[in-house]
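Everything on this sheet refers to the single structure shown next.
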Amino acid sequence: MRTALIIAALALPIPVAAQQMHHSAHRMEAPAQDAQIEDPRAGHDMSNPHEGHDMGDMSESSDAATDPHAGHDMGIMQGQDTTEPDPHAGHDMSDMQEQGSDDADPHAGHDMGGMDAMSLPQSGPPPEAFSGPEHAADTIFSDSEMAASREQLRREQGGAINSLISIDRLELQSGEGADAYVWEANAWVGGDLNKLWIKTEGEGEFEESLDDAEVQALWSRAISPWFDFQTGVRYDYRPSEPDTSHLVLGVQGLAPYLFEVDVAGFVSDEGDFTARAEAEYDQRITQQLILQPRVELNMSAQDIPELDIGSGLTSLDAGLRLRYEFVPEFAPYIGVEYQTDLGETRNITQTEGGDPDRTVFVAGVKFWF
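So the sequence shown is numbered by this note's numbering: it starts at 13 and just counts up by one.
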């Protein structure tokens with residue numbers, strides 16, 4: 013009996029002591045392990061990737077849980093910022109060791125010096141195109157040599173003498189009253205710059221004598237590629253009135269849209285000033301069939317009683333002529349023309365019992381040689 017009590021007393025503290033020794037061993041193992049093992053993730057951002065997740069089921073997991081990087085060689089990650097994944101992981105980056113930026117320069121190896129002065133495209137020639145002389149030959153030869161050369165060129169190329177005779181209108185006009193005939197002709201001789209022009213026009217009735225005729229002798233000087241300045245004298249012949257002479261100043265040429273224009277002012281030996289403007293246009297219907305509108309406007313600065321002319325606009329002739337060119341030098345035509353007196357001249361005509369308005373049909377021929 014005594015022996016049994018001693019054995020029971022000795023057996024009671026054994027589990028408690030053993031349990032305390034077991035927990036003591038656990039507490040001492042962790043510091044010893046931390047001191048011996050180097051952390052392979054030193055220098056890495058070790059923020060918890062599971063932050064915000066319910067980790068209740070793993071609360072009792074031991075410190076010896078499986079490392080997700082176990083078995084990976086983390087040596088290449090030493091000192092590297094792991095905030096963003098490396099896009100070149102696994103690539104041979106030896107060629108990029110000396111580059112100063114993380115991204116490859118897409119223009120590496122290109123000569124970018126010519127890009128400094130790049131500008132937007134410009135229309136027309138550059139300003140440098142007008143920096144030199146007007147003629148390149150002036151940079152090689154002296155002024156005297158160039159002047160002699162240009163004079164020789166003018167004589168050989170632009171100094172040739174040419175001539176032309178043109179009958180623009182030779183026609184019969186038929187309408188109310190007596191039939192009439194009309195002519196208008198020009199002739200010139202000269203070079204490119206200077207010409208002598210002879211102009212003549214007139215009209216009359218078949219049943220009566222000539223109404224009037226005029227002749228002009230003009231010096232013509234080219235003032236542009238399209239227009240000539242003309243000056244000279246004009247002589248008027250009228251069987252029933254005294255002859256009259258005029259000083260002439262005018263311009264003749266080709267206006268925009270290919271209108272042929274002839275404008276002139278006349279100062280008579282009596283001191284009267286009159287003016288006349290003519291314009292016509294050749295509209296080709298075919299290569300040989302041509303429709304020509306024509307307008308003639310006359311004016312006077314004062315009344316001229318002996319000619320039944322009042323001051324202001326005196327008369328207007330507007331017509332259409334359709335001609336057929338068998339050859340360029342010969343073309344018959346037909347047409348219609350409206351003739352009217354204007355202003356004070358219209359009143360004078362009505363006072364004398366005449367008709368200020370007249371429509372006539374015309375037939376004629378145009379030729380030149």
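Every residue gets a Cβ at the ideal spot worked out from N, C-alpha and C, and that includes glycine.
The structure presented is a predicted model; accordingly, all values stated were derived computationally and were not measured.
Residues of its chain near residue i, where Cβ-Cβ distance is below 7 Å and the 5 sequence neighbours each way are ignored
i, result
"residue 289", "275 and 309"
"residue 41", "The predicted model places residue 41 with a pLDDT of 43, which falls under 50 and marks its position as unreliable; any figure quoted below should be read in that light. Around residue 41: no qualifying Cβ."
"residue 358", "368"
"residue 251", "221 and 222"
"residue 363", "none"
"residue 336", "300, 301, 343 and 344"
"residue 186", "372 and 373"
"residue 171", "203"
For residue j and residue i, believed in contact at Cβ under 8 Å, the rounded distance
i, j, result
"residue 247", "residue 257", "6 Å"
"residue 244", "residue 228", "6 Å"
"residue 11", "residue 291", "Shown here, the chain extends from 13 to 381; a query on residue 11 therefore has no answer."
"residue 307", "residue 183", "About 16 Å; that fails the 8 Å criterion."
"residue 355", "residue 324", "4 Å"
"residue 219", "residue 190", "5 Å"
"residue 149", "residue 158", "6 Å"
Cβ-based neighbour list, residue i, same chain, cut-off 8 Å, excluding 5 preceding and 5 following
i, result
"residue 266", "238, 239, 272 and 273"
"residue 295", "302, 303, 304 and 305"
"residue 173", "201, 202 and 203"
"residue 255", "247, 248 and 249"
"residue 151", "144 and 145"
"residue 109", "Confidence at residue 109 is low in this model, with a pLDDT of 48, below 50, so its placement is unreliable and the value that follows should be read with caution. Closer than 8 Å at Cβ, skipping near neighbours: no residue."
"residue 180", "196, 197, 198 and 378"
Residues sharing a beta bridge with residue i, DSSP
i, result
"residue 344", "377"
"residue 200", "176 and 209"
"residue 162", "None; residue 162 has no bridge partner."
"residue 313", "DSSP lists no partner for residue 313."
"residue 305", "332"
"residue 259", "245 and 279"
"residue 284", "Bridge partners of residue 284: none, in fact."
"residue 229", "210 and 245"
"residue 272", "266 and 292"
Local conformation of residue i per DSSP, three classes
i, result
"residue 205", "coil"
"residue 325", "strand"
"residue 213", "strand"
"residue 371", "strand"
"residue 224", "strand"
"residue 331", "strand"
"residue 75", "In this prediction, residue 75 has a pLDDT of 45, which is less than 50 and means its spatial position is unreliable; nothing more can be read from the coordinates."
"residue 357", "helix"
"residue 250", "coil"
"residue 318", "helix"
"residue 352", "strand"
"residue 169", "helix"
"residue 150", "helix"
"residue 2", "With the chain represented from 13 up to 381, any question about residue 2 goes unanswered, as that position is not in the structure."
"residue 239", "strand"
"residue 294", "coil"
"residue 264", "strand"
"residue 300", "coil"
"residue 184", "strand"
"residue 140", "helix"
Neighbourhood of residue i by C-beta distance below 6 Å, restricted to the same chain and skipping five residues each side
i, result
"residue 198", "178 and 211"
"residue 207", "200 and 232"
"residue 277", "261 and 287"
"residue 75", "Caution is warranted here: a pLDDT of 45 is assigned to residue 75, below 50, making its placement in the model unreliable, and no coordinate value can be reported."
"residue 217", "190 and 192"
"residue 77", "The predicted position of residue 77 is uncertain, since its pLDDT is 43 and thus under 50; a value taken from the coordinates is nonetheless stated next. Around residue 77: no qualifying Cβ."
"residue 315", "322 and 323"
"residue 293", "271 and 305"
Selection from the options that minimises the alpha carbon distance to residue i
i, options, result
"residue 328", "164, 339 and 350", "350"
"residue 300", "359, 334, 361 and 268", "334"
"residue 261", "242, 270 and 269", "242"
"residue 366", "152, 188 and 150", "188"
"residue 259", "270, 253, 281 and 252", "281"
"residue 346", "378, 191 and 360", "378"
"residue 169", "154, 142, 326 and 205", "205"
"residue 319", "157, 223, 371 and 191", "223"
"residue 176", "341, 364 and 325", "341"
"residue 360", "321, 269 and 193", "321"
"residue 236", "324, 376, 225 and 264", "264"
"residue 343", "142, 270 and 381", "381"
"residue 285", "326, 348, 372 and 209", "326"
"residue 225", "209, 253 and 234", "253"
"residue 279", "138, 370 and 313", "313"
"residue 353", "234, 338 and 370", "370"
"residue 298", "338, 268, 331 and 317", "338"
Beta carbon proximity, residue i to chain D, threshold 9 Å
i, result
"residue 256", "Checking the listed chains, one finds no chain D in this structure; it contains a single protein chain."
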